[in-house]
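Positions 47 to 396 (the numbering used here) are the ones given, in order, by the sequence shown. This report refers to the structure that appears directly beneath it.
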Amino acid sequence: MTGIEKTVASKSASGALVLCTILFCLCACTEDASYTAGVWYRRSDFDGVARTDAAGFTIGNKGYICGGYNGKTTRLADTWEYDIDNDWWTQRADMPGTVRNAATGFSVGSKGYVTTGYNPDQKYLSDTWEYNPETNSWRQMDDFKGGARYYALGFGIDNYGYVGTGYNDNYLKDFYRFDPTAAAGSQWTIVNGFGGQKRQGGTAFVIDGKAYVCGGQNNNSDVSDFWCFDPSAATPWTQLRDIANTSDDDYDDDYTSIVRSYGVSFVIDGKAYLTLGSTAGGSYYSNYWIYNPATDLWEGDDLTAFEGSTRIHAVCFSTGTRGIVATGGSGSSSYFDDAWELKPYEYEEE
Numbered sequence: 047m048t049g050i051e052k053t054v055a056s057k058s059a060s061g062a063l064v065l066c067t068i069l070f071c072l073c074a075c076t077e078d079a080s081y082t083a084g085v086w087y088r089r090s091d092f093d094g095v096a097r098t099d100a101a102g103f104t105i106g107n108k109g110y111i112c113g114g115y116n117g118k119t120t121r122l123a124d125t126w127e128y129d130i131d132n133d134w135w136t137q138r139a140d141m142p143g144t145v146r147n148a149a150t151g152f153s154v155g156s157k158g159y160v161t162t163g164y165n166p167d168q169k170y171l172s173d174t175w176e177y178n179p180e181t182n183s184w185r186q187m188d189d190f191k192g193g194a195r196y197y198a199l200g201f202g203i204d205n206y207g208y209v210g211t212g213y214n215d216n217y218l219k220d221f222y223r224f225d226p227t228a229a230a231g232s233q234w235t236i237v238n239g240f241g242g243q244k245r246q247g248g249t250a251f252v253i254d255g256k257a258y259v260c261g262g263q264n265n266n267s268d269v270s271d272f273w274c275f276d277p278s279a280a281t282p283w284t285q286l287r288d289i290a291n292t293s294d295d296d297y298d299d300d301y302t303s304i305v306r307s308y309g310v311s312f313v314i315d316g317k318a319y320l321t322l323g324s325t326a327g328g329s330y331y332s333n334y335w336i337y338n339p340a341t342d343l344w345e346g347d348d349l350t351a352f353e354g355s356t357r358i359h360a361v362c363f364s365t366g367t368r369g370i371v372a373t374g375g376s377g378s379s380s381y382f383d384d385a386w387e388l389k390p391y392e393y394e395e396e
């Protein structure tokens with residue numbers, strides 16, 4: 047072997063050693079690193095006073111917060127618009143009528159709606175109001191036909207809104223459809239067939255023209271049934287798998303913390319995200335669960351916990367591709383004005 051050949055051979059061996067060292071370090075780092083799915087980003091703080099129990103709805107890329115309670119004054123009537131793309135808040139026209147908390151918000155087309163709720167002077171409420179962001183104005187619609195209540199849930203599908211469940215000294219399970227184009231006096235019609243438990247403080251989300259209803263409490267106990275509403279089906283209500291470990295199969299063995307009341311849900315890319323809220327016993331949650339309607343299964347392992355303070359009665363905005371959570375409360379004296387967005391496809395190293 048010539049001197050040149052020896053030098054080349056020596057360099058090759060050295061290069062192989064360096065390469066092995068790099069590969070070993072990469073493997074070791076990969077094995078030692080721990081990642082959790084989903085990253086919570088803090089957004090611009092809500093510009094209004096901190097509050098809990100506000101109503102909310104989403105129109106396009108704008109979210110709206112109406113009313114609520116801040117623990118220091120009477121109930122609130124102010125309305126705020128959040129520009130999701132630009133991350134700023136703008137105060138809009140106050141909602142007329144009785145100031146309230148625990149109302150229900152939903153949107154139909156280019157308008158938002160707030161109905162029911164609570165005021166200590168009148169107790170449970172049933173009036174319904176429509177907000178038009180183009181004119182920044184409100185107009186009164188028909189009273190909710192199911193009667194006065196609070197902590198109902200609501201959602202919009204195509205040209206209609208739907209409101210149901212809640213509490214008025216009795217836990218409720220009825221649902222009604224709202225048609226904003228109908229003549230006065232006929233805007234609400236009953237929707238039969240919901241076979242689930244009575245509840246207050248439940249949540250609903252809409253995926254591909256179907257609504258999903260879960261969560262809440264009935265007589266101070268958590269409810270675990272889960273329902274799908276398809277307004278185009280001959281039998282619109284279908285019961286899905288429970289959101290607790292109630293079967294003999296193993297798919298729900300880790301369903302230990304899905305059931306909750308006063309949480310929020312939003313949809314990103316065809317999957318639902320359920321977060322915050324509490325058990326009927328008062329334990330607060332910071333975790334989140336992902337629901338896949340294609341499999342009727344939930345996933346909640348290795349997901350990043352909410353990075354703000356745990357809370358109930360928050361408001362969420364759902365565009366179908368983004369989910370934002372804002373305001374809410376904890377106990378009887380803590381009220382929040384922060385806003386957070388979940389990026390579910392990003393990873394956070396622990």
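A virtual CB, placed ideally from N, CA and C, is assigned to each residue, including glycine. Since we're looking at a predicted model, the values are computed, not measured.
Given residue i, which residues of its chain have a CB within under 8 Å of its CB, disregarding the five upstream and five downstream residues?
| i | result |
| --- | --- |
| Trp175 | Met141, Pro142, Gly143, Tyr159, Val160, Thr161, Trp184, Arg185, Gln186, Met187 |
| Leu343 | Arg287, Tyr297, Tyr337 |
Look at residue i and residue j and say whether their C-beta atoms are less than 7 Å apart.
| i | j | result |
| --- | --- | --- |
| Gln243 | Asn264 | yes |
| Leu320 | Trp335 | yes |
| Pro226 | Val154 | yes |
| Lys191 | Tyr222 | yes |
| Phe251 | Ala318 | yes |
| His359 | Thr136 | no |
When the Cα atoms are used, what is the spatial distance from residue i to residue j?
| i | j | result |
| --- | --- | --- |
| Val361 | Glu127 | 12 Å |
| Arg306 | Ser324 | 5 Å |
| Ser378 | Gly117 | 8 Å |
| Tyr177 | Asn338 | 32 Å |
| Asp300 | Asp294 | 13 Å |
| Thr341 | Phe352 | 25 Å |
| Lys312 | Asp271 | One point to set straight first is that residue 312 is Phe, not Lys, in the sequence displayed. Using only the alpha carbons, I get a separation of about 19 Å. |
| Ala139 | Thr181 | 10 Å |
| Arg287 | Val269 | 13 Å |
| Tyr110 | Gly354 | 20 Å |
| Thr367 | Thr284 | 26 Å |
| Trp386 | Gly207 | 27 Å |
| Pro390 | Gly231 | 44 Å |
| Ser376 | Gly327 | 14 Å |
| Asp93 | Tyr87 | 18 Å |
| Asn214 | Asp131 | 38 Å |
| Asp220 | Ala83 | 37 Å |
| Ala280 | Asn147 | 36 Å |
If residue i and residue j are in contact, beta carbons under 8 Å, what's the gap, nearest whole angstrom?
| i | j | result |
| --- | --- | --- |
| Thr442 | Thr125 | Given that the chain is displayed from residue 47 to residue 396, the structure contains no residue 442 and the question cannot be resolved. |
| Pro277 | Ile203 | 6 Å |
| Ser332 | Thr356 | 5 Å |
| Ala96 | Thr373 | 7 Å |
| Gly261 | Ile314 | That pair is no contact at about 18 Å. |
| Lys157 | Asp129 | Lys157 to Asp129, Cβ: 18 Å. No contact. |
| Gly309 | Thr249 | 6 Å |
Starting from the Cα of residue i, find the closest Cα among the options and give me that residue.
| i | options | result |
| --- | --- | --- |
| Phe382 | Gly84, Val85, Tyr115 | Tyr115 |
| Trp234 | Asp167, Gly210, Thr249, Ala100 | Gly210 |
| Pro179 | Gly106, Val95, Arg287 | Gly106 |
| Phe240 | Ser270, Cys274, Ala351 | Cys274 |
| Asn165 | Trp86, Gly113, Ala280, Tyr258 | Gly113 |
| Thr120 | Asp167, Gly309, Cys260 | Asp167 |
| Val237 | Phe224, Gly231, Thr249, Ala228 | Phe224 |
| Ala101 | Gly193, Leu388, Ala149 | Ala149 |
| Lys169 | Gly193, Phe152, Gly151 | Gly193 |
| Tyr258 | Thr136, Ala280, Gly316, Gly231 | Gly316 |
| Leu388 | Ser380, Val371, Asn216 | Val371 |
| Ala228 | Asn216, Asn205, Asp93, Ile289 | Asn205 |
Going by beta carbon distance, what residues of the same chain come within less than 6 Å of residue i, once the five residues before and after it are set aside?
| i | result |
| --- | --- |
| Asp298 | Asn291 |
| Asp173 | Gly143, Asp189 |
| Gly346 | Trp335 |
| Glu392 | Val85 |
| Asp384 | Asp91, Gly354 |
| Phe152 | Phe103, Tyr159, Gly200, Phe201, Gly202, Gly207 |
| Ser380 | none |
| Asn216 | none |
| Tyr330 | Ser324, Thr356 |
Who are the near neighbours of residue i in its chain, counting only those whose CB is closer than 7 Å to its CB and skipping five residues on each side?
| i | result |
| --- | --- |
| Gly212 | Thr162, Arg195, Tyr196, Tyr197, Ala198, Leu218, Gln246 |
| Asp133 | Arg89, Ser90 |
| Ile289 | Cys260, Ser270, Phe272, Tyr301, Ile304, Val305, Trp344 |
| Ile253 | Val313, Gly316, Ala318, Pro339 |
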